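There are 2 protein chains.
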Amino acid sequence: MTVVALDLEGVLVPEIWISFAEKTGLEELKRTTRDEPDYRKLMNYRIDILKRENLKLKDIQETIASIRPLEGAKEFLDELRQSAQVVILSDTFEEFAKPLMKQLGWPTIFCNSLSVSADGTIEDIRMRQEEGKLRAVEAFRSIGFYTFAAGDSYNDLKMIRKADAGCLFRAPENILDENPDLRIFERYDEFLSYIKENIK
Amino acid sequence: MTVVALDLEGVLVPEIWISFAEKTGLEELKRTTRDEPDYRKLMNYRIDILKRENLKLKDIQETIASIRPLEGAKEFLDELRQSAQVVILSDTFEEFAKPLMKQLGWPTIFCNSLSVSADGTIEDIRMRQEEGKLRAVEAFRSIGFYTFAAGDSYNDLKMIRKADAGCLFRAPENILDENPDLRIFERYDEFLSYIKENIK
Chain A
1 MTVVALDLEG VLVPEIWISF AEKTGLEELK RTTRDEPDYR KLMNYRIDIL
51 KRENLKLKDI QETIASIRPL EGAKEFLDEL RQSAQVVILS DTFEEFAKPL
101 MKQLGWPTIF CNSLSVSADG TIEDIRMRQE EGKLRAVEAF RSIGFYTFAA
151 GDSYNDLKMI RKADAGCLFR APENILDENP DLRIFERYDE FLSYIKENIK
Chain B
1 MTVVALDLEG VLVPEIWISF AEKTGLEELK RTTRDEPDYR KLMNYRIDIL
51 KRENLKLKDI QETIASIRPL EGAKEFLDEL RQSAQVVILS DTFEEFAKPL
101 MKQLGWPTIF CNSLSVSADG TIEDIRMRQE EGKLRAVEAF RSIGFYTFAA
151 GDSYNDLKMI RKADAGCLFR APENILDENP DLRIFERYDE FLSYIKENIK
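Protein chains in written order, with this note's numbering: chain A, 1 to 200; chain B, 1 to 200.
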């Protein structure tokens, strides 16, 4: 039996922070895990900007409410869930993920959570553990699963390399250049075929 | 964040083997994990009966195709999936589970598989690992999750006791008598309330 571990943003839904940057006009918030390998550093940078601009959790949630899954993502995921157990591994936060999971038919997601003050200010991130994606793939392997992992960012590389099989999906140039041995797909139909051929 | 680990048969769907026993009239097949604590022994007993009666995998799958989730199970699960990550932990086999998962909206399930010969005879079971339910709960805890587990049978007791919180659902008398300290629920609404009160 196989567990397929999928990244969320960029693979199934748009990048939440880029959508929020576009809505607020804050170009600085366009920096993502595709640019910055250190997630905690990236989140501290984002939280500082939110505080400076007096933006609260509800402001981000309002943007998320208007985000739709990427075109074809729901159909891809629906079909994949019939062939394997799928767990979305994301560094996002449960406070952000819920409306997106609803639109995707409530797939299982392992992510993090936020520390929010009484007035709705995001104060800090509460990581479930460090290297959460990698540790989850290791845990699936430890209980007898064959694993396949896919994503598009720096924070996906360790899980992809730890899994029994894996690939990139719509990754940017810098990730591709640094990982020429990994297969990459741009279309859901080809991505799905490759996964199906490489699971047990 | 919480992972809720749920048993399948007796909790969300009827006991597959009891349904099959009723369809075939083979009373011997009514023995389940609620009666026999040793799962491998139970499966060897079942496989011997199938071979003696010349019953194949497709005969069992035909019965499963007619099984519906327990009344209220889908609604219970739909609501629970909005509050926590749910993983069904079952000792059943992927060859049996798929049509049931489809009816339940494709929740994530960790189970086992079968070894089937070319003529469709079930030859053996392929356990993902020994103590699969217990090991999965341990794995969720090891990656930073708070865990809640529930079931109705002998093979659920270790995961329930290893989880941070847990309870029984519609368990038979013998399980209750031997585990007087565990809470038990008979109705989905009360079961759901108890889970929601005991997750993080």
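From the three backbone atoms N, C-alpha and C, an ideal C-beta is built for every residue, glycine too. What you are looking at is a predicted structure, and each value in this text was computed from that prediction instead of being measured.
Below 8 Å, too few C-beta pairs join the region 171 to 183 of chain A and the region 36 to 56 of chain A to call them touching: fewer than three. Residue contact check for W106 of chain A against chain B: a CB pair falls below 8 Å. Considering only B:V13, B:T32, B:T147, the residue with the shortest C-alpha distance to R68 of chain B is B:V13. Residues of chain A with a Cβ closer than 7 Å to the Cβ of A136 of chain B are, in chain order, I143. Within chain A, the residues placing a beta-carbon under 8 Å from that of Q85 of chain B are T108, I109, F110, ordered along the chain. Within 8 Å of the CB of A73 of chain B, no CB atom of chain A is found; the nearest one sits about 15 Å away. In chain A, no part has a C-beta under 8 Å from the C-beta of A65 of chain B; the shortest such distance is about 15 Å. Contact with chain B is absent for S115 of chain A, since none of that chain's Cβ atoms lies less than 8 Å from the residue's Cβ.
The secondary-structure analysis by DSSP pairs F96 of chain B with nothing; it has no beta-bridge partner.
Per DSSP, the unbroken alpha helix (DSSP H) holding Y45 of chain A starts and ends at 39 to 52. For A136 of chain B, the secondary structure class from DSSP, reduced to helix, strand or coil, is helix. It is roughly 17 Å from the alpha-carbon of L182 of chain B to the alpha-carbon of V4 of chain B. In this structure, the beta-carbon distance from Q129 of chain B to I143 of chain A falls below 8 Å. Residue state for T147 of chain B is assigned as strand, using DSSP reduced to three classes.
Looking at the backbone, the Cα of T121 of chain B and that of R46 of chain B are separated by about 12 Å.
In summary, S117 of chain B is exposed, with fewer than 16 beta-carbon neighbours lying within 10 Å of its beta-carbon over all protein chains present. Around the Cβ of K102 of chain A, a 10 Å sphere holds fewer than 16 other Cβ atoms; the residue is exposed.
What A139 of chain A touches in chain B, judged by beta-carbon distance under 7 Å, is A139, S142, I143, going in chain order. Secondary structure at I175 of chain A: helix, using DSSP grouped into helix, strand and coil. For F140 of chain B, the closest of B:F110, B:I60, B:Y188, B:N155 by C-alpha to C-alpha distance is B:F110.
Counting only the Cα atoms, F96 of chain B lies some 39 Å from R126 of chain A.
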